[in-house]
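Input: a single structure, listed below in structure tokens.
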Amino acid sequence: MSSATTMLGRNFKHTLRNPVAIFNGVLFPIVLMLMFVYVIGGAFDIAGDYVDYITPGMIILTICYGLSGTALAVNSDMTKGIINRFKVMDISRSAVLSAHVAASVLRSLIAIAVLVGVALIMGFRPAASFPDWLGVIGLVVLVTFATSWFTVALGLAAKTPESAGLISVPLVMLPFLSSAIVPAETMAAGVRQFADYQPFTPIIETLRGLLNGTPSGGDAIAAIAWSAGIALVGYVWALSTFKKRA
Amino acid sequence: MTSSAIAATGLRKAYQDKIVLDGIDLEVAAGTIFSLLGPNGAGKTTTVNVLTTLMKADAGTVRVAGHDVATDTKAVRAAIGVTGQFAAVDDLLTGRENLKLMTDLKGLRGDEGKRVVADLLERFDLTGSADKMAATYSGGMRRKLDLAMTLVGRPSIIFLDEPTTGLDPRSRRTMWEIIRQLVTDGVTIFLTTQYLDEADRLADRIAVLDQGTIVAQGTPAELKSQIGGSHVRLRFAGDAEIEAARRILTGTTTDAEDDLVLRVPSDGGAKSVRTLLAQLDAHSIEVEEFSVHTPDLDDVFLALTGRTSEKVNA
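Line by line, the protein sequences give chains A and B.
Heads up: the first sequence begins at 1 in full-length UniProt numbering, then just goes up one per residue.
Heads up: the second sequence begins at 1 in full-length UniProt numbering, then just goes up one per residue.
So, in structure tokens, the structure goes:
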């Protein structure tokens with residue numbers, strides 16, 4: 001356990017010293033939200049205040065943008081010799097990897113807190129009760145945890161840092177093809193079906209329901225099931241890839 | 001058996017159908033420097049990876065510090081330190097933070113950890129750059145930091161995989177000094193190198209690795225003796241002199257490349273050289289050029305494998 005916290009401290013120092021990761025993880029989602037709300041969003045025909053609609057989607061997008069940093073961090077550990085040093089020191093492989101996951105979750109939570117703060121300034125008025133907020137936090141942590149394990153696996157599987165950077169692009173694209181920015185019903189046929197059945201739509205709809213104070217049980221079950229599945233696949237894949245790479 | 005720090009028998013390793021190690025036997029006595037010498041691609045790094053538990057051999061047994069690497073991995077890892085071919089330092093941490101990472105992971109907390117870090121920075125002459133990020137370090141400094149990190153926790157056996165590859169001559173000499181110092185502290189060193197002079201200068205014993213097999217093993221002197229002793233080269237002005245010299249000296253051969261050069265077996269010592277020159281002087285034979293040739297490990301490699309090491313590299 002103590003080696004895992006040491007490794008977490010290391011990973012967090014990396015983040016603080018990497019301006020690109022901070023920009024991608026914290027500032028870029030805010031820039032996107034400002035663009036959608038003040039530039040593009042006016043053209044959308046969405047009931048209610050648009051900032052109330054988009055904030056749950058932006059929370060998920062923030063998680064996804066943060067993940068590119070996780071993939072890169074994991075990959076550069078593997079491609080530079082330092083991982084062999086840790087292996088020879090008999091630090092458990094789960095300590096190295098779970099430190100990356102913990103750092104990733106922590107980064108996302110900080111970025112999301114900043115994002116929600118900015119959204120509140122922009123007029124975001126959630127109707128969530130205290131239990132709803134607990135549900136929001138729980139789901140955000142679960143989704144971040146799940147996607148972080150999956151991204152750790154992607155970062156391990158990538159041969160070079162360049163491909164690790166590229167590998168996280170689909171993760172960033174997925175929320176755009178969900179109900180994050182606009183409702184799925186407004187999309188073209190084909191895209192709409194994809195949006196309806198991909199994991200981020202029930203996750204975002206659950207968040208939206210909780211923040212509006214109108215939680216939807218069906219979406220929540222799908223969201224939790226998707227998250228658990230992604231976490232499990234990511235975890236198993238990450239561990240077996242880690243074992244294989246010398 | 002207790003005195004050998006590393007003992008390997010019958011090591012084999014293949015990647016798919018490419019055989020990398022083809023039956024390697026090694027024995028390294030505690031407190032000595034052992035050098036595994038070979039060109040690129042000979043299997044040096046694979047050997048290190050197997051000995052340091054990073055890789056499992058397909059066959060063979062390895063005992064390091066008295067523990068079996070396959071069944072007692074933890075005990076082996078507790079006893080060894082490894083500095084790989086590429087400096088395993090964390091670029092985004094400072095030199096001091098890199099060392100602190102090691103002391104934290106080794107469980108050296110508080111003041112003890114701080115003292116170990118300060119001592120290592122001092123010893124490796126890194127105190128001045130301790131608070132700069134490792135990314136800004138020169139190649140030589142990175143190697144030093146890398147080795148300093150390896151020394152945290154005082155391993156009794158240290159593996160150095162090509163520790164001076166890519167270093168400038170001055171940094172190389174510094175590294176050699178550090179390695180010699182470690183051995184006087186009682187540490188066992190397993191060193192791989194493709195530099196023949198490096199093995200010659202540092203090692204107590206050398207094993208020459210070629211295409212996955214050890215083609216020779218022994219002290220540097222023993223290896224050199226395998227290709228015959230040293231000799232004196234005499235260059236003469238013309239055929240008359242060389243003929244005269246050949247009549248009075250025993251065991252001479254003509255040099256293959258220069259037919260005005262005569263090779264005379266000799267131990268290269270002052271006494272025998274003086275006798276030789278006196279003999280020539282007594283017959284008034286003029287010598288234009290004179291040199292003593294002691295075989296180096298390049299000659300060993302050529303004699304053992306039929307190729308020069310450069311040819312393999314090319």
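Every residue, glycine too, gets a C-beta built ideally from N, C-alpha and C.
Query	Result
Would you please state the rounded distance, in angstroms, between the beta carbons of B:S48 and B:V62? I believe it to be under 8 Å.	Contrary to the premise, residue 48 of chain B reads as Val rather than Ser in this sequence. Contact flag wrong, Cβ pair sits at about 11 Å.
Taking three-plus beta-carbon pairs below 8 Å as touching, is the segment 55 to 72 of chain A in contact with the segment 113 to 128 of chain A?	yes
Between the alpha carbons of A:A189 and B:V20, how many angstroms are there, rounded?	56 Å
For A:N84, would you say it is in contact with chain B, using Cβ-to-Cβ distances shorter than 7 Å as the test?	yes
Using a Cβ-Cβ distance under 7 Å, would B:V69 count as near chain A?	no
If we require 3 or more residues per run, which beta strand (DSSP E) segments fall completely within the segment 238 to 299 of chain B?	261 to 265, 289 to 293
What did DSSP end up calling B:V312 once you bin it into helix, strand or coil?	Summary for B:V312: the model assigns pLDDT 45, below 50, so the residue's position carries little reliability; its value from the coordinates is reported in the next sentence. In this structure, B:V312 counts as helix in the three-state DSSP scheme.
Report yes if the CB atom of A:G155 is closer than 7 Å to the CB atom of A:V39, and no otherwise.	no
If we cut at 7 Å on Cβ distances, does B:T52 have a partner in chain A?	yes
Is B:Q194 buried or exposed, if buried means 16 or more other CB atoms sit within 10 Å of its CB?	buried
Leaving out the 5 sequence neighbours to the left and right, which residues in its chain are closer than 7 Å to B:R77 when beta-carbon positions are compared?	T53
If you measure from the beta carbon of A:H100 to each beta carbon in chain B, is any gap under 7 Å?	no
Under 8 Å Cβ-Cβ, which residues of chain B neighbour A:R107?	What A:R107 touches in chain B: nothing, since even the nearest Cβ is about 15 Å away.
A:L106 and A:F12 look like a contact to me (Cβ under 8 Å); what is the Cβ gap, rounded to whole Å?	7 Å
Along the segment 60 to 76 of chain A, what residues have a CB closer than 7 Å to any CB found in chain B?	none
Could you give the first and the last residue of the continuous beta strand (DSSP E) run that contains B:R205?	205 to 210
For the alpha helix (DSSP H) that A:K87 lies in, which residues bound it at each end?	82 to 88
Give the range of the alpha helix (DSSP H) segment to which A:L61 is assigned.	50 to 79
Return the chain-ordered ranges of every alpha helix (DSSP H) run that is complete within the segment 103 to 178 of chain A and spans a minimum of 4 residues.	130 to 157, 161 to 167, 169 to 173
Would you identify the three-state DSSP class for B:V232, choosing helix, strand or coil?	strand
Take every Cβ of the segment 99 to 106 of chain B, pair it with every Cβ of the segment 3 to 19 of chain A, and state whether three or more of those distances are shorter than 8 Å.	yes
For A:S163, would you say it is in contact with chain B, using Cβ-to-Cβ distances shorter than 7 Å as the test?	no
For the pair the segment 135 to 152 of chain A and the segment 198 to 214 of chain A, tell me if three or more CB-CB distances fall below 8 Å.	yes
Cβ closer than 8 Å: which chain A residues qualify as neighbours of B:F86?	K80, G81
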